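Undergrad: Can you read through this structure? Questions will come right after.
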Amino acid sequence: LTLVTKADFPLEDFDLDSSARKSDSDFYAEAVEDATISRTNNKHAREDDILDKPDNKFVSLNKNGEIIVDVGESKAIVNGSGDDFALFLRNNATDDADNADEQYQVSVSQDGDTFKKVSGDGSFDISRTKLGWVRFIKIEDESVNTLASAPGVDIDAVCLLNIGVPVTNNVAVTSGTLTNRTQRTVYI
Numbered sequence: 255l256t257l258v259t260k261a262d263f264p265l266e267d268f269d270l271d272s273s274a275r276k277s278d279s280d281f282y283a284e285a286v287e288d289a290t291i292s293r294t295n296n297k298h299a300r301e302d303d304i305l306d307k308p309d310n311k312f313v314s315l316n317k318n319g320e321i322i323v324d325v326g327e328s329k330a331i332v333n334g335s336g337d338d339f340a341l342f343l344r345n346n347a348t349d350d351a352d353n354a355d356e357q358y359q360v361s362v363s364q365d366g367d368t369f370k371k372v373s374g375d376g377s378f379d380i381s382r383t384k385l386g387w388v389r390f391i392k393i394e395d396e397s398v399n400t401l402a403s404a405p406g407v408d409i410d411a412v413c414l415l416n417i418g419v420p421v422t423n424n425v426a427v428t429s430g431t432l433t434n435r436t437q438r439t440v441y442i
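Written as C-alpha cells, this is what we have:
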C-alpha cells in the first residue's frame, strides 16, 4: 500500500481535455428534489424556475414555503476558498411588493436527508458545517409578511462557486488467501 500526496500529481504532467463539452449548466443546480410552495396569490410558484442560469424567471416560496435543489449526480459543491455557492435573488421584480420583508434560511446536505444550516447574505460558505462537500441545498422561507403575486423570497438561480467531481478509489488488500476490498468516493 502506497500513500500519495498532492505533490505526487503535479498539474504540468496532465493535459486538459480541450474537446470536453462546456456548459453554463455546470455552474447551476440541476433538479428540484422536493418543494412545498403555496400557490395562493402566487404567480411564481413554478419550482423549476430556480434551475439553470439566471433568466428573470424565478420561484417565490411564499410564506413557510421550502424547496430542496440537487446540484447533480456528477458534481458537488466543495468547501473551497471563500463562499461556495450563492442564490441569485429577484428583489425588485414587477410582482414583488414584499422585498423589504423577505427572510429565508439555507441548509445543506450530502444525502438529501440530514441538513446543516449555513449563514450568509446571498452567498454561503459551507466550511462551518464541517462538511467537505454537499449535493443538496434547502431554502426555507421565513418571511413574516408576504404580499403581491410574488410572495416570500424570490429565487432565480442557485449559482455554484466551488465545484467538485466524484472520484472513486477502489482498494484491494490481500493477506494470505483473504482479500478485503473497499471503495470510497471523494469529491475533488
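Reminder that position 8 of the sequence shown reads as 262 in the working numbering, one-by-one numbering, no gaps.
Ideal Cβ placement from N, Cα and C applies to all residues, glycine included.
As the structure is a computational prediction, the values presented were derived from the model and not from experiment.
1. Taking C-beta to C-beta, are Leu444 and Ile291 nearer than 8 Å?
2. Taking C-alpha atoms, which residue in Gly418, Ile380 and Asp309 lies nearest to Asp337?
3. Any idea what DSSP makes of Glu301, helix, strand or coil?
4. Report yes if the CB atom of Leu415 is closer than 8 Å to the CB atom of Ala340, and no otherwise.
5. Taking Ile417 as the reference, give the member of Ala402, Glu320, Pro405 and Phe390 with the closest Cα.
6. What residue range does the beta strand (DSSP E) around Ser394 cover?
7. Helix, strand or coil: which one does DSSP assign to Lys260?
8. What do you get for Val325, buried or exposed, if any count of 16 or more other CB atoms within 10 angstroms of its CB means buried?
TA: Let me spell this out:
1. For the chain, the structure presents residues 255 to 442; residue 444 sits outside this window and is missing.
2. Check the Cα spacing between Asp337 and each of Gly418, Ile380 and Asp309: the tightest is with Ile380.
3. Glu301: helix per DSSP, three-state reduction.
4. Their beta carbons are under 8 Å apart, which means Leu415 touches Ala340 by this criterion.
5. Nearest option by C-alpha distance: Phe390.
6. Sequence inspection shows Glu at residue 394; the Ser mentioned does not correspond to that position. Annotation: the continuous beta strand (DSSP E) that includes Glu394 extends over Phe390 to Asp395.
7. Note that Lys260 scores a pLDDT of 49, beneath 50, so its modelled location is shaky; the value from the coordinates is reported in the next line. Here Lys260 sits in helix by DSSP.
8. Val325 should be labelled buried.
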